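J.: I am attaching a structure below and will ask some questions about it afterwards.
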């Protein structure tokens with residue numbers, strides 16, 4: 001077993017998760033209540049059997065992390081501390097100050113080293129190699145040397161994160177380029193619910209660095225330029241702790257209707273929390289605000305605006321994390337086991353990664369490691385991919401790659417953002433498809449072999465364009481508003497037509513759209529009110 005990563009593993013984007021991880025640990029809480037909140041938060045598009053697994057397993061995964069040595073914040077009695085998060089009926093978000101993801105990521109990496117896992121850093125996977133819908137292995141590019149190498153494996157788990165960098169305003173790390181989604185659909189797997197893109201309500205104005213939901217969980221207020229706590233207009237009971245899609249739309253509406261500051265942002269006010277609480281529970285948020293906005297939240301409000309944050313859609317997998325290719329698995333944000341549906345609740349992303357990461361590991365261990373072996377095909381694929389890389393470095397740059405990337409990001413932000421409109425999305429889809437065609441003629445200026453980051457950037461752009469087209473196709477076809485997908489021309493939810501998952505498959509070089517039903521359960525579909 002080996003771990004291939006295009007970066008050092010603790011540079012993975014999970015380290016940016018700040019607020020916490022959900023589990024029903026309180027004596028008045030239950031996994032069923034957690035499941036209901038998750039299903040309701042998903043706008044009833046989540047598969048309820050998958051949600052049951054997520055919520056039942058949550059306390060056990062927290063116990064694992066505690067045993068592994070995660071430095072959770074504690075109550076005076078010594079229990080793991082929990083704070084309220086949006087859309088939750090109980091304070092069930094376990095946290096480590098406001099650096100939870102950082103602590104969890106380091107803990108898990110330590111366990112990998114402790115158990116002797118072989119880690120291969122700075123490898124970029126170029127292609128999955130499949131025969132008769134069964135996994136043979138993969139071909140990867142070694143960034144330090146420029147070598148293209150085949151790896152034989154009957155089982156591959158993709159845990160490559162989301163595709164947030166297809167947007168110009170995003171909280172995501174620059175490595176979140178949809179690599180897993182593009183590799184999987186090219187290999188014959190399917191992508192599901194890609195149109196559901198979460199926009200975090202509170203990202204730092206200008207840089208779009210995440211300002212954690214923990215800030216509102218601790219009691220922060222959202223205020224417009226008139227000093228109003230405007231959430232009373234949109235979610236009078238939940239206020240700032242409504243689910244993220246509702247808060248993001250509320251903020252964007254305030255800005256669009258002229259009640260924002262400079263028609264660009266609103267304020268997150270923590271000043272009433274006091275110095276001690278901010279320094280003990282939100283130290284990272286304070287430091288980010290001071291370093292990147294010149295604002296100390298102890299004394300003045302933080303300027304914030306919505307920004308792309310999370311990908312609810314991804315590689316379609318079942319409850320054992322299996323994709324439509326034998327031996328191909330996926331877990332975490334790269335996968336769509338459908339526990340988030342149309343909108344993810346804060347605190348459920350780290351949980352999904354751990355719960356279904358464990359499931360994927362168990363599925364991989366049980367997989368029969370016998371069957372088709374075709375080393376010649378692996379070697380041939382490696383040769384083809386090596387020739388493609390040389391071709392990218394050769395000749396003149398018919399299309400400037402950086403300009404194509406910027407055009408893609410600006411198109412996705414303008415046409416597939418917090419609010420969406422049919423004619424604008426249709427124009428955006430046409431643009432994305434045109435960029436994909438032009439991308440095929442793009443080249444890089446760096447012809448070197450070692451550490452040629454331009455080659456990696458070129459391959460990432462191809463992956464992002466595949467993800468972007470899938471998002472655009474599904475969003476245009478879904479003629480309703482549900483969760484994070486908010487259409488101005490179809491403002492209502494339409495359960496008669498769209499209580500179903502969107503599916504994208506690859507045929508040749510063309511993406512095609514289909515649908516499959518949502519797996520319902522104990523929680524009947526209702527109007528979603530907070």
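Numbering (my numbering), first residue to last: 1 to 530.
We put the CB at the ideal spot given by N, CA and C, even for glycine.
Here the structure is a predicted model, which is why all the values come from computation and not from measurement.
Do residue 289 and residue 283 count as a contact pair if the criterion is CB distance below 8 Å?
T.: Counting from 1 along the chain shown, the entry for residue 283 is found at position 283. Counting from 1 along the chain shown, the entry for residue 289 is found at position 289. Their beta carbons are not under 8 Å apart, which means residue 283 does not touch residue 289 by this criterion.
J.: Label residue 55 either buried or exposed according to how many other C-beta atoms from any shown protein chain fall within 10 Å of its C-beta, with 16 as the threshold for buried.
T.: As a working note, residue 55 is residue 55 in the chain shown. The C-beta of residue 55 has 16 or more other C-beta atoms within 10 Å across all chains shown, which makes the residue buried.
J.: Of the residues 159, 306, 232 and 248, which one's Cα is nearest the Cα of residue 336?
T.: Looking up residue 336 in the chain shown gives position 336. That would be 159, whose Cα lies nearest to the Cα of residue 336.
J.: Which of helix, strand or coil does DSSP assign to residue 201?
T.: Counting from 1 along the chain shown, the entry for residue 201 is found at position 201. Looking at residue 201 - three-state DSSP - the assignment turns out to be strand.
J.: Enumerate in chain order the residues of its own chain whose CB-to-CB distance from residue 19 is below 8 Å, with the five nearest sequence positions on each side excluded.
T.: In the chain shown, the residue the question calls residue 19 occupies position 19. The residues are 83, 85, 93, 95, 98, 100, 212, 213, 214, 217, 346 and 347.
J.: Here's a check: name, in chain order, each residue in its chain whose Cβ is nearer than 8 Å to the Cβ of residue 7, leaving out the five neighbours to either side.
T.: For the purposes of this step, residue 7 is taken as residue 7 along the chain shown, with counting starting at 1. Same-chain partners within the cutoff: 121, 122 and 175.
J.: Could you spell out where the beta strand (DSSP E) holding residue 311 opens and where it closes?
T.: Within the chain shown, numbered from 1, the residue matching residue 311 stands at position 311. Start and end: 302–311.
J.: Less than 8 Å between the C-beta atoms of residue 549 and residue 155, yes or no?
T.: With the chain covering only 1 through 530, there is no way to say anything about residue 549.
J.: What does DSSP give as the partner residues of residue 418 in its beta bridges?
T.: The sequence position of residue 418 within the chain shown is 418, counting from 1. The partner list for residue 418 (beta bridge, DSSP) is empty, contrary to what the question assumes.
J.: Who are the Cβ neighbours of residue 323 in its own chain at under 7 Å, not counting the five residues just before and after it?
T.: Translated into positions along the chain shown, residue 323 becomes position 323. Contacts found: 184, 189, 315, 316, 317, 329 and 330.
J.: For a quick check, are the C-beta atoms of residue 419 and residue 312 less than 8 Å apart?
T.: Translated into the one-based positions of the chain shown, residue 419 becomes position 419. Translated into the one-based positions of the chain shown, residue 312 becomes position 312. Cβ distance not < 8 Å, so residue 419 and residue 312 don't count as in contact.
J.: Grab me the residues of residue 65's own chain with a C-beta within less than 7 Å of its C-beta, minus the 5 sequence neighbours each way, in chain order.
T.: To locate residue 65, count along the chain shown from 1; it is residue 65. Take residue 65, set aside five residues on each side of it, and the residues of its chain with a beta-carbon closer than 7 Å to its own are 104 and 107, in chain order.
J.: Just checking, does the region 479–493 make contact with the region 437–445 on the three C-beta pairs under 8 Å criterion?
T.: no
J.: Quick one: grab the DSSP three-state call for residue 492.
T.: One-based indexing of the chain shown puts residue 492 at position 492. Of the three classes helix, strand and coil, the one that applies to residue 492 here is coil, per DSSP.
J.: Residue 511 to residue 374, Cα distance in whole Å?
T.: Here residue 511 refers to the residue found at position 511 of the chain shown. Here residue 374 refers to the residue found at position 374 of the chain shown. Their Cα atoms are separated by approximately 28 Å.
J.: Would you tell me roughly how many angstroms separate the C-alpha atoms of residue 30 and residue 90, rounded to the nearest one?
T.: Here residue 30 corresponds to residue number 30 of the chain shown, with the count starting at 1. Here residue 90 corresponds to residue number 90 of the chain shown, with the count starting at 1. Between residue 30 and residue 90, the C-alpha separation is close to 9 Å.
J.: Contact defined as beta carbons within less than 8 Å: I believe residue 102 pairs with residue 162. What is the distance between those atoms, to the nearest angstrom?
T.: As a first step, residue 102 must be located in the chain shown, where it is residue number 102. As a first step, residue 162 must be located in the chain shown, where it is residue number 162. With 8 Å as the limit, residue 102 and residue 162 do not qualify as a contact, their Cβ atoms being about 18 Å apart.
J.: Alpha carbon to alpha carbon, what distance is there between residue 153 and residue 468?
T.: Working through the chain shown from its first residue, we reach residue 468 at position 468. Working through the chain shown from its first residue, we reach residue 153 at position 153. The alpha-carbon atoms of residue 468 and residue 153 are separated by roughly 29 Å.
J.: So for residue 151, helix, strand or coil by DSSP?
T.: As a working note, residue 151 is residue 151 in the chain shown. Residue 151: strand per DSSP, three-state reduction.
J.: Kindly confirm or deny that the region 224–242 and the region 510–525 touch, where touching means at least three C-beta pairs closer than 8 Å.
T.: no
J.: Reducing DSSP to helix, strand and coil, say where residue 137 ends up.
T.: As a working note, residue 137 is residue 137 in the chain shown. Note: residue 137 maps to strand in three-state DSSP.
J.: With DSSP as the reference, label residue 399 as helix, strand or coil.
T.: Translated into positions along the chain shown, residue 399 becomes position 399. Of the three classes helix, strand and coil, the one that applies to residue 399 here is strand, per DSSP.
J.: If I measure Cβ to Cβ from residue 382 and keep anything under 6 Å in the same chain, skipping five residues before and after, which residues do I get?
T.: As a first step, residue 382 must be located in the chain shown, where it is residue number 382. Hits under 6 Å: 139, 148 and 150.
J.: Could you tell me the alpha carbon to alpha carbon distance between residue 538 and residue 449, rounded to whole angstroms?
T.: Shown here, the chain extends from 1 to 530; a query on residue 538 therefore has no answer.
J.: Just checking my contact of residue 342 with residue 42 at CB under 8 Å: how many whole Å lie between their CB atoms?
T.: On the chain shown, residue 342 is found 342 positions in, with the first residue counted as 1. On the chain shown, residue 42 is found 42 positions in, with the first residue counted as 1. Right, their Cβ atoms sit about 6 Å apart.
J.: Between which two residues does the beta strand (DSSP E) holding residue 119 run?
T.: Your numbering for residue 119 matches position 119 in the chain shown. Taken as a continuous stretch (DSSP letters only), the beta strand (DSSP E) holding residue 119 covers 118–121.
J.: Starting from the Cα of residue 12, find the closest Cα among 60, 173 and 124 and give me that residue.
T.: Here residue 12 refers to the residue found at position 12 of the chain shown. That would be 173, whose Cα lies nearest to the Cα of residue 12.
J.: Give a yes or no on whether the C-beta atoms belonging to residue 523 and residue 238 are separated by under 8 Å.
T.: Along the chain shown, read from residue 1 onward, the residue named residue 523 stands at position 523. Along the chain shown, read from residue 1 onward, the residue named residue 238 stands at position 238. No.
J.: Below 8 Å CB to CB, which residues in the same chain sit around residue 233 once its five sequence neighbours on both sides are set aside?
T.: Taking the first residue of the chain shown as 1, we reach residue 233 at position 233. Excluding residues within five positions, the ones whose Cβ falls inside 8 Å are 250.
J.: CA-CA distance, residue 60 and residue 355?
T.: Stepping through the chain shown from its first residue, residue 60 is reached at position 60. Stepping through the chain shown from its first residue, residue 355 is reached at position 355. Near 9 Å, if we compare the C-alpha coordinates of residue 355 and residue 60.
J.: Check whether the Cβ atoms of residue 210 and residue 268 lie closer than 8 Å to each other.
T.: In the chain shown, counting from the first residue as 1, residue 210 sits at position 210. In the chain shown, counting from the first residue as 1, residue 268 sits at position 268. Not in contact: residue 210 and residue 268 (Cβ atoms no closer than 8 Å).
J.: Is the Cβ-Cβ distance between residue 3 and residue 112 less than 8 Å?
T.: By one-based count along the chain shown, residue 3 stands at place 3. By one-based count along the chain shown, residue 112 stands at place 112. For residue 3 and residue 112, yes; Cβs fall inside 8 Å.
J.: When you compare each of 23, 124, 51 and 52 to residue 81 by their alpha carbons, which one comes out closest?
T.: If you number the chain shown from 1, residue 81 lands on position 81. Considering only alpha carbons, the answer is 23.
J.: Quick one: what's got a C-beta closer than 6 Å to residue 295's C-beta in the same chain, skipping five residues either side?
T.: Counting from 1 along the chain shown, the entry for residue 295 is found at position 295. The answer, listed in chain order, is 289 and 302.
J.: Would DSSP call residue 321 helix, strand or coil?
T.: Reading the chain shown from its first residue, position 321 is the one you call residue 321. In the structure shown, residue 321 sits in coil (DSSP, three-state: anything other than H, G, I, E or B).
J.: For residue 451, which residues in the same chain have their Cβ closer than 7 Å to its Cβ, ignoring the five residues on either side in sequence?
T.: Indexing the chain shown from 1 puts residue 451 at position 451. The answer, listed in chain order, is 143 and 144.
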